[in-house]
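The sequence shown runs 234 to 442 under our numbering. Don't be surprised by glycine CBs; every beta carbon is placed ideally from N, CA and C.
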Amino acid sequence: MRPSHPTATEMLIWIHHHAIVHKFCFLLCIILLQTVYGANLDILNVGEELQKETLPLQSGSRVYQLQGLKPNHWYEVKISYPASIPASFSLQLKKENSNLESKQQRKLLNTEKLIFKNDDEDLQIYQSGMYVMLTVETEGVVAIPNGKEREMVIYNIVCDELVLGIPHKAWWVVMFVIICLGVAFVIPSFLPSFLLTTDRMPLLASKNS
């Protein structure tokens, strides 16, 4: 006898149960992250910069849950901090149902960034989580003689959407530059001819002298 194929109802039940199991694993992962990192699990919304965040300078770490990601869009996570602080930052991209991916790790210096594309099918179908783990290590020594070493490091972190490789919030600067260039090329064509000839007269006089 040939094995019977599952009916549409059985398929729907299987998909429903699979979704429940997936959500349960997602909640379990959240609980584990909160247990391991305690209060160091924060929310990082796309387009909203978190300012004056602090971490212990000695092996400090924090996990940020990314919210507001769109399917098949590019994003960058960027950190900025005072260059006078002897610290070395690193970022790791993590999905809720996978281990930390070492291939996504980037070492950051001052304003370096981590760029990634949100093409995770699980994120699109089941709304699973995406996280960024930030770690900091001491690097170098304090430049001030007899100065006390810092115990905490202050930094800003932001996740921006990229459009043609440019952060979404920076597009107004690009448009302003394009408008200024356009105005600079268009305005001379509307100026009266005597203004243009008047501007050239001092140059001709200087050459004749």
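(message) Measuring only the C-alpha atoms, how far is Val369 from Ile387?
(response) On the sequence shown, residue 369 is found 136 positions in, with the first residue counted as 1. On the sequence shown, residue 387 is found 154 positions in, with the first residue counted as 1. Each residue's alpha carbon lies about 11 Å from the other.
(request) State the DSSP-derived secondary structure class of Ala417, mapped to helix, strand or coil. (result) Position 184 of the sequence shown, counting from 1, holds the residue named residue 417. Ala417 falls in the helix class under three-state DSSP.
(request) Assign Val396 to buried or exposed, taking buried as 16 or more other Cβ atoms, counted over all protein chains shown, within 10 Å of its Cβ. (result) The residue you call residue 396 lines up with position 163 of the sequence shown. Only exposed fits Val396, as fewer than 16 other CB atoms lie within 10 angstroms of its CB.
(request) Could you give the DSSP three-state label for Met318: helix, strand or coil? (result) Along the sequence shown, one-based indexing puts residue 318 at 85. The displayed chain sequence assigns Ile, not Met, to residue 318. Assignment of Ile318 by DSSP, reduced to helix, strand and coil, places it in the coil class.
(message) Please tell me whether Gln284 and Asn389 are closer than 8 Å, where the distance is taken between their beta carbons.
(response) Along the sequence shown, read from residue 1 onward, the residue named residue 284 stands at position 51. Along the sequence shown, read from residue 1 onward, the residue named residue 389 stands at position 156. Contact: yes.
(request) Could you tell me if the beta carbon of Ala320 falls within a distance shorter than 7 Å of some heavy atom in the ligand MN? (result) Of the ligands one can find in the structure shown there are none, so the ligand MN has no counterpart to examine.
(request) Give me the Cα-Cα distance between Phe322 and Asp275, rounded to the nearest whole angstrom. (result) The residue labelled residue 322 in the question sits at position 89 within the sequence shown. The residue labelled residue 275 in the question sits at position 42 within the sequence shown. Taking the Cα positions, Phe322 is about 17 Å away from Asp275.
(message) Is it buried or exposed, Gly176, if we count other Cβ atoms within 10 angstroms and call 16 or more buried?
(response) Because the chain is modelled from 234 through 442, residue 176 falls outside the range shown and cannot be assessed.
(message) Please tell me whether Met363 and Leu324 are closer than 8 Å, where the distance is taken between their beta carbons.
(response) What you label residue 363 is simply residue 130 of the sequence shown in a count that begins at 1. What you label residue 324 is simply residue 91 of the sequence shown in a count that begins at 1. In this structure, Leu324 does not lie closer than 8 Å to Met363 by Cβ.
(request) Kindly list the residues whose CB is nearer than 7 Å to the CB of Asn278, restricted to its own chain and excluding five residues on each side of it in sequence; keep chain order. (result) Locating residue 278 in the sequence shown gives position 45, counting from the first residue. Within the same chain, Asn278 has close Cβ partners Gln300, Gly301.
(request) Output yes or no for whether 8 Å exceeds the beta carbon distance between Lys346 and Glu286. (result) Residue numbering aside, residue 346 sits at position 113 when the sequence shown is read from its first letter. Residue numbering aside, residue 286 sits at position 53 when the sequence shown is read from its first letter. Taking 8 Å as the Cβ cut-off, Lys346 and Glu286 do not qualify as a contacting pair.
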